[in-house]
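Its first residue numbered 0, the sequence shown is counted upward by one per residue in my numbering. A quick write-up on the structure given underneath.
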Amino acid sequence: MVVAKVLPKGQITLPKVIREKLGVNVGDVIAFEEKDDGVLIKKSKTILDYRGCLPDLGMTAEEIRERAREEALKEIVSGD
Numbered sequence: 000m001v002v003a004k005v006l007p008k009g010q011i012t013l014p015k016v017i018r019e020k021l022g023v024n025v026g027d028v029i030a031f032e033e034k035d036d037g038v039l040i041k042k043s044k045t046i047l048d049y050r051g052c053l054p055d056l057g058m059t060a061e062e063i064r065e066r067a068r069e070e071a072l073k074e075i076v077s078g079d
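See the structure below:
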C-alpha cells in the first residue's frame with residue numbers, strides 16, 4: 000500500500016510509483032470517483048486523447064464547423 004499525507008490546504012503529492020503507473024505528468028488532470036468502499040483515482044482523459052478515434056470525413060475542422068452551423072440553422076428555421 001502506498002500512502003500520502005494531506006497538507007494544510009488539502010493537497011497531497013501523488014507518490015512517484017502512482018504517477019508512473021498512471022502516466023501522470025505536470026499539468027495532467029486527475030479524476031476522483033467516489034465508490035462505496037473508497038475513492039478511485041485515475042488520470043482524466045482530454046479531448047486530445049480521443050484524436051484519431053473518429054473516421055476521416057475528408058473535411059477540415061473549419062469545414063466541419065461550417066457544416067454544423069448550416070445544420071443548426073436548418074433546424075432553427077424548420078422548428079425541429
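Beta carbons: idealized from backbone N, C-alpha and C, even for Gly.
Distance between residue 27 and residue 71, taken at the CA atoms: about 34 Å. Here the alpha carbon of residue 42 sits roughly 43 Å from the alpha carbon of residue 77. In the structure shown, residue 17 adopts helical secondary structure according to DSSP, grouped into three states.
In this structure, residue 11 sits near residue 4, with a CB-CB distance shorter than 8 Å. Taking the Cα positions, residue 75 is about 44 Å away from residue 22.
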